[in-house]
Structure formats: structure tokens, C-alpha cells
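K.L.:
At the far end of the sequence shown sits residue 244, using this note's numbering, and the numbering has no gaps. Next up is a structure, given as C-alpha cells.
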Amino acid sequence: MKTRVDFEKKLFNSELKEWEETIKTPRYKYLVKKVKEILKKKKYGKVLEVGCGITPYLGKINAKKKIGLDISKELLKRNNKDYGEFINGNALNCSKILKEKFDFIFMVGFLHHINEKEHFKLIKEIKKLLKKEGELLIVEPNMVSITFIYYYFKKLLERINQSFVKKIIGFLDEDEKYIYPKKIKKILLKNNFQIKKAYTIQTLRFPPLKLIKKINIEKINQILDKLIKRGGSVIVIIAKKNKI
């Protein structure tokens with residue numbers, strides 16, 4: 001039976017050009033910068049990035065071994081092989097694909113492309129791959145923020161004129177769903193994780209970003225992110241697998 005991950009494979013492969021344009025936007029660049037700041041804080045043993053796509057992260061991590069997993073061969077081809085080892089496969093079966101344990105696993109913008117039932121399955125799979133007291137980093141668009149206005153307005157426009165929305169925004173996944181942090185935390189706790197940190201970044205997100213290039217979003221968000229730890233457009237969750 002095909003999963004949402006299989007659908008995403010087809011989507012990303014068919015709209016690769018649009019996705020490559022999206023990752024050049026100010027919003028995406030700011031997100032990458034903030035995630036890199038988190039990743040640079042530690043040295044790791046074995047690291048796995050789930051749903052790595054064209055990763056800007058693995059090359060910046062200090063680790064003995066680095067693996068990127070993604071279902072799209074086309075995206076994986078565009079990675080610098082010096083960043084680590086890249087494996088093609090469905091993340092929902094990652095414990096069967098990868099036979100080793102990791103000290104640190106992270107995923108950036110992956111959960112919102114799959115459904116809530118698959119969230120539980122994925123976290124369960126990741127749990128199997130993490131060493132005891134290993135850490136998991138989750139970075140996802142946050143539904144509990146002012147972003148929900150943008151999210152629902154975009155969904156409304158998609159119903160009226162999808163081609164117009166795609167033109168002004170770029171890469172478009174019509175089935176993506178932003179994340180409710182409480183639901184993800186609940187899944188983590190059920191799978192024997194403890195939440196170490198949970199906060200938001202990228203307080204402001206200006207739609208449509210392709211039309212707003214002169215506004216210095218980065219400077220605005222740098223100030224707001226220091227002042228506001230809740231309600232930002234992106235949720236960051238750092239969890240630790242318990243010993244037992």
C-alpha cells in the first residue's frame with residue numbers, strides 16, 4: 001500500500017525545479033541558518049537526517065558518521081557526496097533499511113508532508129534507530145502561530161486558482177498540513193522520549209515571499225525570535241530517548 005511518502009517522492013521528482021527555486025527564498029535561507037546554529041552546538045558520533053532531500057545541513061555537522069535518507073533519488077543526486085552517505089528509501093521503514101544505531105537523528109520540514117497516523121509510525125521507527133539517551137531534533141511549520149492565517153488563506157486561494165498560488169509561491173504541496181506541537185509532543189512521550197526543549201523561530205512569515213524581496217526578513221526575525229519564544233511560524237523540538 002502506498003503511503004504519503006510515496007506521493008511526496010512523485011511530487012518532488014516532478015517539481016524539482018520549483019523546489020530548487022523555493023530553497024533560494026529569504027524565508028528558507030533564514031530557516032537553514034537557524035537550524036545550522038542548533039546543529040553546530042555539539043559533536044556527534046553517528047548522525048541520521050530523515051527526509052534529507054537536498055540537504056544544507058549534513059555538511060555542517062561535526063560527526064564521525066553522517067547518513068541522509070530520502071525517498072527521492074533525484075533529490076539525493078544533487079547532494080555533495082562529501083557531506084556523508086546518502087541512502088534512498090522510505091522513512092516509514094527506516095529501521096528495516098538501516099541496521100545501525102545513531103546518537104542523533106534529525107528531520108527538518110518532513111512531518112508536515114505525511115499524515116498524523118504516519119507521524120506515530122515514523123517516531124516509533126526512529127526510536128528503534130536511536131541509542132539510549134540519543135537525541136531527536138524536529139523542526140516543522142507551526143500551526144499554533146500567526147502563520148495559520150497565511151496557511152488557511154493559501155488553502156482558500158488554492159481552491160479558487162491553484163496555478164496562481166503556485167506562480168507566486170513556487171513549490172506547492174497541496175496536501176501538506178502544518179504541525180500542532182502538542183500532538184507531536186504527545187507522540188514522543190508515548191514512545192519513551194523526554195522533551196528537552198521546545199520553542200519557536202521565524203516569528204514572521206510574509207506571504208507571498210516571491211513578491212517581497214526588499215524587506216529584510218532576517219533582521220526582523222532575529223529581533224523577534226529573541227523576544228518571542230512561542231507563536232513563531234516554525235516549531236523546534238529537541239527530545240531525548242530515555243534509558244529504559
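Beta carbons are placed, not taken as given, at the ideal position from N, Cα and C, and that holds for glycine.
Inspect the CB distances between the segment 118–138 and the segment 97–106 and report whether three or more fall short of 8 Å.
P.N.:
Result yes; three or more Cβ-Cβ pairs closer than 8 Å.
K.L.:
So Pro141 packs on Ser72, CB below 8 Å; how close in whole Å?
P.N.:
Incorrect: roughly 20 Å between the Cβ atoms, too far for contact.
K.L.:
Under a three-way DSSP split, which group does Gly59 fall into?
P.N.:
Note: Gly59 maps to helix in three-state DSSP.
K.L.:
Whole angstroms are fine: how far does the CA of Leu188 sit from the CA of His112?
P.N.:
If I take the Cα positions, the gap works out to 16 Å.
K.L.:
If I measure Cβ to Cβ from Gln202 and keep anything under 8 Å in the same chain, skipping five residues before and after, which residues do I get?
P.N.:
The answer, listed in chain order, is Arg27, Tyr30, Leu31, Lys34, Asn221, Asp225, Gly232, Ser233 and Val234.
K.L.:
Less than 8 Å between the CB atoms is what I'm expecting for Phe86 and Gly68, so what's the real figure, rounded?
P.N.:
Between Gly68 and Phe86 the Cβ distance is about 5 Å, and since that is below 8 Å, they are a contact.
K.L.:
Rank Lys64, Glu116, Glu37 and Lys60 by C-alpha distance to the C-alpha of Gly45 and give the top, closest one.
P.N.:
Closest option to Gly45, Cα to Cα, is Lys64.
K.L.:
Alpha carbon to alpha carbon, how far is Lys196 from Asn80?
P.N.:
For Lys196 and Asn80, the distance between alpha carbons rounds to 32 Å.
K.L.:
Leaving out the 5 sequence neighbours to the left and right, which residues in its chain are closer than 7 Å to Gln194 when beta-carbon positions are compared?
P.N.:
Result list for Gln194: Ala239, Lys240 and Asn242, in chain order.
K.L.:
Could you tell me the boundaries of the alpha helix (DSSP H) in which Asp35 lies?
P.N.:
Rather than Asp, the amino acid found at residue 35 in this sequence is Val. That run of the alpha helix (DSSP H) goes Pro26 to Leu39.
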